[in-house]
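Residue numbers (full-length UniProt numbering): 1 to 160.
Below is one structure, written out as structure tokens; comments come after it.
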Amino acid sequence: MTLELINGKLEVKAVRDGDHGTIFMWLLRQCLRHRPDLDLHPEQGLMVEAHRQGRARPYGALAPRRHFAGQGEWAPTSGVLMTVDMTSYDDDHASACPYAAAGIPLRLLIDRRSGTFAVRSEPDSVRYRHQRLYDFGEAVALPHPVSITLNTEELKNYTG
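In structure tokens form, the structure reads like this:
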């Protein structure tokens, strides 16, 4: 367990294990294979007005190559195509809103416990208006502007 200061409160977070890192590396390879013009940046700080004093750090931020070059720890969200988090779906309802409000087109949530992906799209000023759920093993279609399909069969080994 680790401790993190969130909204002025000390919160306990589970330490990421090897399966967590393996899933992220799988996603990184998929993105590079299908869209070599994009980079998946791990834990890039983003400036989002509606969250944690205007700051958020998704597990991954997908953007055009070299998009974050020259940026500091906290970068503007313009140009970010998708955020990625690996979390419990039940715990994520509040944290998706700032990315939608910031205009980030897609949000990918990977839930290892249930073995599912949630692809959220069509952001408005409050939330993502569309969500599609996929099970590990299904082909996951990431809509425009990412426009790739992820083959998730191997991820069935990393649930729970």
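C-beta: ideal position from N, C-alpha, C; glycine also.
What you are looking at is a predicted structure, and each value in this text was computed from that prediction instead of being measured.
Query                                                                                                                                                        : Result
Can you tell me where the beta strand (DSSP E) holding Asp135 begins and where it ends?                                                                      : 128-135
With a Cβ-Cβ cutoff of 8 Å, do Ala75 and Gly115 count as a contact?                                                                                          : no
With a 10 Å radius around its C-beta and 16 neighbouring C-beta atoms as the bar for buried, classify Met25 as buried or exposed.                            : exposed
Threshold first: 4 residues or longer. Then list the alpha helix (DSSP H) segments lying entirely within the segment 52-107, N to C.                         : 93-101
Can you list, in chain order, the residues of its chain whose CB lies under 6 Å from that of Pro143, leaving out five sequence neighbours each side?         : Ser121
Kindly indicate the opening and closing residues of the beta strand (DSSP E) around Val146.                                                                  : Segment: none, Val146 is in no beta strand (DSSP E) and carries neither H nor E.
First and last residue of the beta strand (DSSP E) that includes Ser125?                                                                                     : That residue, Ser125, is in no beta strand (DSSP E); it is neither H nor E in DSSP.
Please name the residue in Val80, Lys156, Ser147 whose C-alpha comes closest to that of Val48.                                                               : Val80
Closer than 6 Å by C-beta to Arg129: which residues in its own chain qualify, once you throw out the five before and the five after it? Chain order, please. : Glu122
Over the uninterrupted beta strand (DSSP E) stretch that includes Leu38, give me the two end residues.                                                       : 38-42
Can you pull the DSSP bridge partners for Met47?                                                                                                             : Arg55, Pro76
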